[in-house]
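Participant:
Protein chains: 2
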Amino acid sequence: MQALMQDRPLTIPHIFHRAERQFQDKRIVTTTLRGEVESTYAEWASRVRRLATVLDQLGVPEGARVATFGWNTQRHLELYFGVPCTGRVLHTLNIRLFAEQVAYIAEHAADDVVFVDRSLLPMLWPMADQLTTVRYFVVLDDGADSEIPDDPRIRDYEELLAAAEPFRGRFEVADENAAAAMCYTSGTTGQPKGVVYSHRSTVLHSLVSLTVDAVGLSERDTMLPVVPMFHVNAWGLPYAAIFAGTSIVFPGPAMKPEALVSMLERHRVTTTAGVPTIWMGMLPLLGDHDLSSLRVVVGGGSAIPTALSEGWREAIGIPITQAWGMTETSPLASLASPRSHHDGLSAEQLIEVRATQGQAVPLVDLRIVDMDTGEEQPWDGATPGELQAAGPWIASSYYGDEGRDAFTSDGWLRTGDVATMDEHGFVRLVDRTKDLVKSGGEWISSVELENHIMAHEDVVEAAVIAKPDPKWTERPVACVVTEEGKQLTSEQVFDHLRQRVAKWWLPDEVWFVDELPKTSTGKFSKKTLREQLLG
Amino acid sequence: MQALMQDRPLTIPHIFHRAERQFQDKRIVTTTLRGEVESTYAEWASRVRRLATVLDQLGVPEGARVATFGWNTQRHLELYFGVPCTGRVLHTLNIRLFAEQVAYIAEHAADDVVFVDRSLLPMLWPMADQLTTVRYFVVLDDGADSEIPDDPRIRDYEELLAAAEPFRGRFEVADENAAAAMCYTSGTTGQPKGVVYSHRSTVLHSLVSLTVDAVGLSERDTMLPVVPMFHVNAWGLPYAAIFAGTSIVFPGPAMKPEALVSMLERHRVTTTAGVPTIWMGMLPLLGDHDLSSLRVVVGGGSAIPTALSEGWREAIGIPITQAWGMTETSPLASLASPRSHHDGLSAEQLIEVRATQGQAVPLVDLRIVDMDTGEEQPWDGATPGELQAAGPWIASSYYGDEGRDAFTSDGWLRTGDVATMDEHGFVRLVDRTKDLVKSGGEWISSVELENHIMAHEDVVEAAVIAKPDPKWTERPVACVVTEEGKQLTSEQVFDHLRQRVAKWWLPDEVWFVDELPKTSTGKFSKKTLREQLLG
Ligand SMILES: Nc1ncnc2c1ncn2[C@@H]1O[C@H](COP(=O)(O)O)[C@@H](O)[C@H]1O
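As they're listed, the protein sequences go chains A and B.
376 is the number that UniProt numbering gives to position 376 of the first sequence; each next residue is one higher, with no gaps.
481 is the number that UniProt numbering gives to position 481 of the second sequence; each next residue is one higher, with no gaps.
1) Mind checking the UniProt domain "AMP-binding enzyme C-terminal" (448-523) of chain B against chain A and listing, in chain order, the residues whose C-beta falls within less than 8 Å of any C-beta there?
2) Below 7 Å on C-beta distance, what does glutamate 219(B) contact in chain A?
3) Which parts of the region 135-187 of chain A are runs of the beta strand (DSSP E), unbroken and 3 residues or longer, counting only runs that do not cross its ends?
4) Given this structure, state the Cα-to-Cα distance separating valine 226(B) from histidine 342(A), to the nearest angstrom.
5) Per DSSP, methionine 421(B) forms a beta bridge with which residues?
6) So which of Arg295(A), Ala347(A), Gly358(A), Trp312(A) has the shortest CA-CA distance to tryptophan 324(A)?
7) If you reduce the DSSP assignment to three classes, tell me which class glutamate 258(B) lands in.
8) Nearest-angstrom Cα distance between leucine 335(A) and isoleucine 15(B)?
9) Does the beta-carbon of glutamate 457(B) have 16 or more other beta-carbons within 10 angstroms, so that it is buried, or is it exposed?
10) Phenylalanine 98(A) lies in the beta strand (DSSP E); which residues open and close that run?
11) For chain B, find out if any of its Cβ atoms is closer than 8 Å to the Cβ of alanine 406(A); answer yes or no.
12) So does tryptophan 472(A) have its beta carbon nearer than 7 Å to some heavy atom of ligand 1?
13) According to DSSP, what are the bridge partners of glutamine 388(A)?
14) Considering only their Cβ atoms, is the gap separating serine 445(A) from tryptophan 472(A) smaller than 8 Å?
15) Note down, in chain order, all residues in the region 19-34 of chain A with a beta-carbon under 9 Å from any beta-carbon belonging to chain B.
16) Just verifying my parser: in three-state terms, what is the DSSP assignment at glutamate 442(A)?
17) From which residue to which residue does the alpha helix (DSSP H) around leucine 350(A) run?
18) As a quick exercise: from Ser337(A), Ile154(A), Leu131(A), pick the residue whose alpha carbon is nearest that of arginine 295(A).
19) Of all the CB atoms in chain A, is at least one closer than 8 Å to the CB of arginine 49(B)?
20) Identify the residues that DSSP records as bridge partners of proline 476(B): which are they?
21) Using 8 Å as the limit for Cβ to Cβ distance, is aspartate 380(A) near chain B?
22) Below 7 Å on C-beta distance, what does arginine 8(B) contact in chain A?
23) Does asparagine 94(B) get closer than 8 Å to chain A when you measure Cβ to Cβ?
24) Inspect the CB distances between the region 458-470 of chain B and the region 501-516 of chain B and report whether three or more fall short of 8 Å.
25) Would you say proline 362(B) reaches chain A, if we count a Cβ-Cβ gap shorter than 8 Å as a contact?
26) When the cut-off is 8 Å and only beta carbons count, does tyrosine 136(A) lie next to chain B?
27) Assign lysine 518(B) to one of three DSSP states: helix, strand, or coil.
28) Kindly identify the DSSP beta-bridge partner or partners of tyrosine 197(B).
29) Is proline 331(A) a contact residue of ligand 1, with contact defined as CB to any heavy atom under 7 Å?
30) Should serine 198(B) go down as buried or exposed, given a rule of 16 or more other Cβ atoms within 10 Å for buried?
31) From the DSSP secondary-structure annotation, give me the bridge partner or partners of histidine 91(A).
32) Could you list which residues in chain A have their beta carbon closer than 7 Å to that of histidine 267(B), in chain order?
33) Between which residues of its own chain and valine 195(A) is the CB-CB distance below 7 Å, once the five residues before and five after are set aside?
34) How should lysine 193(B) be labelled, buried or exposed, when 16 other C-beta atoms within 10 angstroms of its C-beta is the threshold for buried?
35) State the start and end residues of the unbroken alpha helix (DSSP H) segment that holds leucine 335(A).
36) Could you tell me whether any non-hydrogen atom of ligand 1 is closer than 7 Å to the CB of aspartate 343(B)?
Shown next, in the form of structure tokens:
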């Protein structure tokens with residue numbers, strides 16, 4: 001028997017129109033190179049309406065990818081809505097990637113237009129000719145003095161907006177499963193792969209971020225997203241904030257700890273989110289600032305060290321709330337707030353609870369699976385298994401159907417994380433099957449580094465492993481076996497790599513060893529290597 | 001371009017399985033005639049699994065309607081999940097209706113089985129033979145001593161459960177738009193009409209009830225639903241509570257103010273919801289109880305008088321939060337919490353804000369429309385129009401396609417309420433187009449009363465209007481014109497009605513008048529009548 005409810009698609013236009021009217025006076029602040037700029041939802045919304053016209057005027061087809069290369073700013077938020085509300089697909093490029101990777105990704109997604117912050121143009125422009133599908137580079141002038149090339153593909157955002165009539169009426173997207181945004185993840189080995197979010201997934205993910213036991217964003221909050229808008233849509237928080245009517249403070253390029261902590265204080269921010277490296281950098285500064293407005297500090301992307309969370313709790317009274325997720329999971333999948341069954345635990349035990357990756361949020365299902373047998377593992381807090389995820393905002397495949405082995409035959413995502421789960425479903429990550437190093441919230445591909453190092457004529461083999469690091473969570477360390485009779489220095493390895501990878505990918509150390517331990521199937525045994533070298 | 005997200009339907013089984021594992025220790029308390037019974041989610045869930053088997057054993061087909069005739073109890077909550085999780089449709093019968101109406105509704109829905117509280121069996125059993133589609137009456141023994149008829153259709157709930165193996169594995173409902181529950185509303189004139197909720201609408205509605213700015217149910221709450229489970233699924237709160245992992249206190253038949261207030265106190269209830277008549281009854285008792293655990297008291301179903309809300313605020317520090325909705329809207333559509341743009345208002349002005357029906361919750365769209373021209377009216381806080389609603393949990397039609405004029409050609413629900421909306425979308429009801437009286441949260445059909453009175457041989461015409469009432473919000477008053485030369489007393493009118501309607505439908509007063517004012521089209525002008533009689 002069919003129900004008799006209205007068939008209303010879950011789409012980003014609903015979020016937009018609701019916010020435009022109900023929350024017209026709420027604030028959006030952006031730190032720019034020229035100081036802080038303050039605006040309201042009403043002003044933002046009218047700019048989104050102009051942007052809609054601009055996209056038409058630029059001839060961007062329906063479903064085409066509109067890329068961004070930018071900081072966390074109000075303009076970026078205009079694109080977050082203007083692009084999907086008009087049926088195009090937002091594609092946020094990661095400004096931290098090596099030029100070749102960005103070019104690969106933009107080509108792969110066949111981006112039609114790129115909106116780029118002026119301050120970042122010098123990074124993007126050198127590869128402009130490699131972005132063969134891109135017809136326009138629209139410059140968002142953030143006050144940087146970087147030169148603007150004299151090129152027919154260059155447009156100025158403010159000029160386009162000023163000349164455009166705002167779109168009138170309601171944005172309509174008929175199919176809630178239409179693509180709204182995409183994001184590449186350099187996860188696992190091989191080339192970066194594209195995750196494509198839908199309107200439905202975005203609306204549901206946002207809604208859950210508004211629930212009390214998740215992030216609990218409300219109309220009375222002020223949110224500062226430290227996590228970049230090119231990282232899984234800043235963990236979906238901009239969409240959630242606009243849904244709730246939350247005031248937003250965007251840090252723009254001001255990502256230094258001093259700048260961030262001062263913004264938190266001055267704007268009486270209640271909610272913020274970012275990777276542990278950020279919170280680590282701020283820790284020494286907390287004592288000098290009044291952060292009493294803060295309600296929740298979400299940390300994710302890497303495990304939150306207990307000392308870090310406790311440091312925050314001692315300094316300002318609230319610990320860091322650990323969240324777990326991936327680009328493939330939109331990303332919010334689980335969150336570690338102590339639940340009422342933890343009441344009565346000792347302070348130390350509560351610290352342990354907060355050190356887990358937490359419990360699945362509504363609409364997400366998690367399970368752990370034995371990697372050899374494929375059997376589901378018990379939730380006993382001890383037996384590990386590969387963590388797998390299902391839910392309406394979890395990827396079913398990658399763009400172009402690449403990386404099929406990341407999905408099980410029954411349609412669950414294989415996360416590449418290894419975890420235990422306790423009887424209440426609290427997840428604890430214990431290992432990783434993917435061969436990657438996560439540094440400051442960004443992935444470094446061990447395999448890619450190894451391939452580059454092994455391409456050096458004097459190298460026989462090389463393995464890269466992750467070394468725990470207090471500041472960056474992890475840093476890569478290279479173990480190198482040289483050709484017999486050849487001598488290499490670390491500097492030579494670095495020199496070789498510098499032309500091939502981003503600077504922050506360079507291993508912290510190079511260890512020269514006589515041979516690399518192997519598994520029975522002949523692969524590098526990174527586990528043994530880690531034990532040998534890191535103890 | 002299609003997105004690449006998993007196609008996971010939004011279904012009640014997800015809510016069930018999540019709760020069963022994540023919240024296994026959370027409490028469910030029920031007041032019964034034999035005292036309080038306490039249980040856990042784990043126990044409840046295993047009984048739901050047994051119930052699934054029982055429904056199979058009773059041969060209830062997929063999609064068939066399983067009716068309930070009961071108080072707010074844990075067993076009712078078992079049916080709330082066991083029925084839709086197995087693909088059947090929960091149909092909650094309203095125990096306040098006149099026997100003939102219940103029979104009409106059960107026939108109309110073609111109920112296959114009725115689960116009935118033993119204490120209510122004496123009300124239901126006399127019409128058993130009229131319920132021609134009902135194969136079984138399953139008695140939930142709540143400790144009442146009412147006789148259980150010796151009839152082959154009678155079954156005992158606990159016996160069935162005890163004999164059934166629990167269903168193992170995961171409940172699956174493939175289509176999120178499948179019917180999950182239905183509820184009849186005696187709204188407007190004519191016969192009661194059925195609203196059919198889907199799994200999707202229930203999940204979305206529940207999720208929004210978990211958001212901070214709506215009800216904000218959380219795992220740390222304890223919720224006492226005073227609103228009956230036969231009223232729009234107790235406003236959807238049982239589904240929301242189980243989704244959040246909220247502990248629940250069910251009042252059972254203990255609906256007296258003294259009993260309710262003592263349950264609120266003893267169980268440290270944080271969240272409760274009901275119609276104003278209930279809160280009115282409790283008001284004098286508040287001072288004698290420690291209700292400091294209460295976080296939110298939701299009032300709806302009728303306008304919340306300012307004096308009532310303020311009375312609560314003065315007594316326990318929190319006002320009543322007004323919510324607006326209908327059976328056709330699942331029901332949560334808008335909620336009146338002051339927003340940050342109200343900061344700085346005076347105490348009197350804030351009282352005014354709380355006296356509105358509030359702002360649309362996420363996923364609901366509201367508009368006001370001029371009834372003559374069909375034009376959308378401005379949100380200026382002054383211009384009235386018929387309130388219309390759209391959204392994924394708003395009815396698109398009634399069961400059997402009755403009452404089509406309640407829906408606009410563009411698919412919005414015509415609510416029959418007349419409202420203004422201010423620039424932030426705060427709704428204020430100012431009138432009603434439907435000819436009904438709402439007494440203690442239940443509808444009384446003016447037209448039906450009028451028809452009954454006019455059927456009296458000595459009556460020429462009769463009109464029923466709503467008179468404001470401090471206890472019941474509204475009570476019916478009848479205006480009667482008698483045949484020339486005939487004399488009638490109020491008592492004679494009451495006697496005539498007693499055999500035809502429920503006792504609480506009897507008008508409070510009968511006014512004998514010489515003639516009834518008419519509109520230009522010859523209809524009773526109730527507006528004029530109200531002005532003449534109520535001033
Ligand atoms: N709270 C966390 N604790 C540990 N690792 C995490 C956490 N959150 C994310 N990760 C890691 O980051 C991966 C997702 O990376 P990304 O797709 O770049 O967001 C996960 O699969 C984990 O390996």
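Every residue, glycine too, gets a C-beta built ideally from N, C-alpha and C.
Facilitator: This is what the structure holds:
1) none
2) Under the 7 Å cutoff, chain A gives Asp213, Arg339, Ser340.
3) 136-140, 154-156, 179-185
4) Answer to the nearest angstrom: the Cα atoms are 29 Å apart.
5) Val427(B)
6) Gly358(A)
7) helix
8) 18 Å
9) exposed
10) Unbroken run through phenylalanine 98(A): none, as it is neither H nor E.
11) no
12) no
13) Partner(s): Arg367(A), Arg414(A).
14) No. Outside cutoff.
15) Arg21, Gln22, Phe23, Gln24, Asp25, Lys26
16) strand
17) Per DSSP, leucine 350(A) belongs to the alpha helix (DSSP H) from 347-354.
18) Answer by Cα proximity: Ser337(A).
19) no
20) DSSP output for proline 476(B) lists Ala466(B) as bridge partner(s).
21) no
22) Ala390, Gly391, Pro392
23) no
24) yes
25) yes
26) no
27) strand
28) Ala181(B)
29) Answer for proline 331(A): yes, Cβ within range of ligand 1.
30) Answer is buried; the Cβ neighbour count reaches 16.
31) Ala67(A), Met182(A)
32) Correct list: empty, because the minimum Cβ distance to chain A is about 14 Å.
33) Met182, Cys183, Thr185, Thr327, Glu328, Ala395, Tyr398
34) buried
35) Per DSSP, leucine 335(A) belongs to no alpha helix (DSSP H); it is in the beta strand (DSSP E), 332-335.
36) No, the Cβ of aspartate 343(B) stays beyond 7 Å of every heavy atom of ligand 1.
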